[in-house]
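In the numbering used here, the protein residues as written are 20 to 391.
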Amino acid sequence: MLPDSGAVVPGWRDAAVIRFNEVIDERSGGSLDKLITLSPVPDELSVAWKRTVIEVRPKGGWREGAVYQLTLLPGIQDLRGNRLTQGRTVVFSTGGDIPATRISGTVLDWEQGRIAARALIQAVQLPDSLRYLGVADSVGEFVMGSMPPGRYVLLAGVDANNNRRLDFREPLDSLTVQLDSSVSHTFWAFKQDTLGPGLSRVAVADTVTLRLELTQVLPPEPPPSGSVSVLALPDSTPVTVAAVYRLAEYDSLTAAERASRGPGSDTAVTDTARAAAAADTAARPVAVARPRAPEVAGGQVADTTRARRAAADTSRAARLLRERPKLSNVLMVRLEQPLAPGGRYLVLTDLPNMLGVRGAGRQVIAVPERAR
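Dropping the structure here:
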């Protein structure tokens with residue numbers, strides 16, 4: 020790669036050059052510009068394919084006195100289909116020393132209860148709003164280095180539409196830091212909704228329990244007292260709510276109740292998590308290695324290559340995920356008295372979302388003539 024990694028090149032005007040030992044497929048990854056990042060992020064990036072060379076330059080030119088990070092992500096392939104599985108990063112300066120700073124961490128998709136593989140990390144420098152990009156590896160880990168010391172807003176999450184930004188409704192987490200030498204953090208990504216949760220569905224779980232599905236995941240803490248009300252129709256007679264459980268708590272409770280009643284009792288209560296657990300543990304496709312990837316001339320192996328060493332051992336991420344409950348949009352409401360077969364009930368909710376924004380919901384549930 021040119022400039023060389025670690026080079027200080029005042030007055031640089033040429034394109035940055037990534038050179039390969041094979042002719043590259045210009046349609047790699049859909050388009051080459053999706054596999055190349057430049058930080059600080061320019062308003063527009065020019066990526067030119069020239070058979071065995073890719074030329075990169077920010078439209079408007081290189082900034083004087085800036086430290087640039089040019090990253091080639093995994094996915095580039097040659098005309099025979101051999102795919103580059105390791106990233107490369109070049110760091111160079113257009114004036115001034117290259118700082119020895121480092122931001123590292125892990126990104127978890129809290130809503131899904133899993134690693135956020137290939138998560139996007141944005142470091143926005145204050146007050147200039149210069150934006151630096153990083154991409155996590157297959158176990159959600161990332162390292163970003165050589166950024167100017169200063170104050171940054173860090174955003175990490177799932178770039179579902181692959182537009183190199185974390186948009187509204189994409190799961191993310193954020194942190195404001197003062198970067199002097201190194202910072203490390205674990206990000207728990209979830210959708211940052213500015214509207215409160217509504218009530219999308221109510222079902223009968225058993226003779227004394229209703230299953231509520233909300234339009235958003237709820238905080239892991241117990242719901243506030245009085246946040247769920249049940250009224251018997253048509254007279255709107257209040258029905259006493261004995262307890263409101265998160266789904267995992269309810270499943271643990273009913274499992275303990277079945278165990279205390281002995282064998283043969285597990286048909287009394289439906290295990291509401293069984294289907295979700297089966298889906299969660301479904302086998303994932305195994306990646307097939309291609310014969311031989313094209314090589315990049317020069318450059319450093321990016322920290323994304325740690326994924327190759329860590330892919331067989333995700334125990335650290337698994338331990339992190341166990342530190343917090345998995346988020347859910349389901350509540351189980353246990354009543355003091357059994358539901359009346361053939362009866363109709365109005366369920367009212369007033370619940371906060373993950374940001375503390377409250378939302379109201381209402382649904383009418385008709386109980387079958389013979390309740391489960």
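The beta-carbon is built from N, C-alpha and C at its ideal position, and this holds for glycine as well.
Alpha-carbon spacing of residue i relative to residue j, whole angstroms
i: ARG137; j: ALA385; result: 45 Å
i: PRO146; j: VAL383; result: 51 Å
i: VAL27; j: VAL66; result: 22 Å
i: ALA227; j: THR368; result: The residue asked about is misnamed: residue 227 is Val in this sequence, not Ala. Rounded to whole angstroms, VAL227 to THR368 spans 18 Å at the Cα level.
i: ARG38; j: VAL72; result: 5 Å
i: SER112; j: SER244; result: 57 Å
i: GLU342; j: GLY132; result: 11 Å
i: THR178; j: LEU191; result: It should be pointed out that residue 178 corresponds to Asp in this sequence rather than to Thr. ASP178 and LEU191: Cα-Cα distance of roughly 9 Å.
i: ALA34; j: THR90; result: 14 Å
i: VAL162; j: VAL154; result: 8 Å
i: ALA262; j: LEU250; result: 15 Å
i: THR256; j: GLY375; result: 30 Å
i: ARG265; j: PRO344; result: 10 Å
i: LEU339; j: ALA135; result: 12 Å
i: LEU98; j: TYR151; result: 31 Å
i: GLY1; j: SER219; result: A query on residue 1 cannot be resolved here, the shown segment of the chain reaching from 20 to 391 and no further.
i: THR205; j: GLU63; result: 31 Å
i: VAL75; j: PRO93; result: 17 Å
i: ALA379; j: THR213; result: 14 Å
For residue i, the first and last residue of its enclosing alpha helix (DSSP H)
i: SER279; result: 266-280
Helix, strand or coil at residue i [DSSP, three-state]
i: LYS78; result: coil
i: ALA337; result: helix
i: ASP52; result: helix
i: SER58; result: strand
i: SER47; result: helix
i: SER161; result: A small correction: the amino acid at residue 161 is Phe; Ser does not occupy that position in the sequence shown. Correct three-state label for PHE161: strand.
i: LEU370; result: strand
i: ARG133; result: strand
i: ARG393; result: No answer is possible for residue 393: the residues shown for the chain start at 20 and end at 391.
i: ASP212; result: coil
i: THR120; result: coil
i: ASP97; result: strand
i: ASP225; result: strand
i: GLY169; result: strand
i: ASP178; result: coil
i: GLN356; result: coil
i: THR104; result: coil
i: SER244; result: coil
i: ARG389; result: coil
i: ALA138; result: coil
Residue range of the unbroken beta strand (DSSP E) whose run includes residue i
i: ALA208; result: 201-208
i: ARG230; result: 228-237
i: LYS345; result: Looking at the DSSP string, LYS345 is not in any beta strand (DSSP E), and its letter there is neither H nor E.
i: PHE187; result: PHE187 -> no beta strand (DSSP E), and no H or E assigned at all.
i: TRP31; result: Careful: TRP31 lies outside any beta strand (DSSP E) and carries neither H nor E.
i: LEU64; result: 64-69
i: GLY153; result: 150-154
i: PRO257; result: 256-258
For residue j and residue i, believed in contact at Cβ under 8 Å, the rounded distance
i: VAL121; j: SER24; result: The amino acid occupying residue 121 in the given sequence is Arg; Val does not appear at that position. Not really, about 16 Å apart at Cβ, beyond 8 Å.
i: LEU346; j: PRO216; result: Their Cβ separation, rounded to whole angstroms, is 12 Å, which puts LEU346 and PRO216 out of contact at 8 Å.
i: ASN348; j: GLN235; result: 6 Å
i: GLY159; j: ALA337; result: Between ALA337 and GLY159 the Cβ distance is about 11 Å, and since that is not below 8 Å, they are no contact.
i: LEU358; j: VAL223; result: 6 Å
i: LEU370; j: LEU252; result: Not confirmed; about 22 Å, so no contact.
Query raised in the report: Do the segment 266-274 and the segment 345-355 touch if we need at least three Cβ pairs shorter than 8 Å?
Result: yes
Query raised in the report: Can we say the segment 101-111 touches the segment 122-139, given the rule of at least three CB pairs closer than 8 Å?
Result: no
Query - Any 3 or more C-beta pairs closer than 8 Å across the segment 166-174 and the segment 141-158 - result: yes
**Report entry** Cβ pair count under 8 Å reaching 3, the segment 77-93 against the segment 50-59
**Finding:** yes
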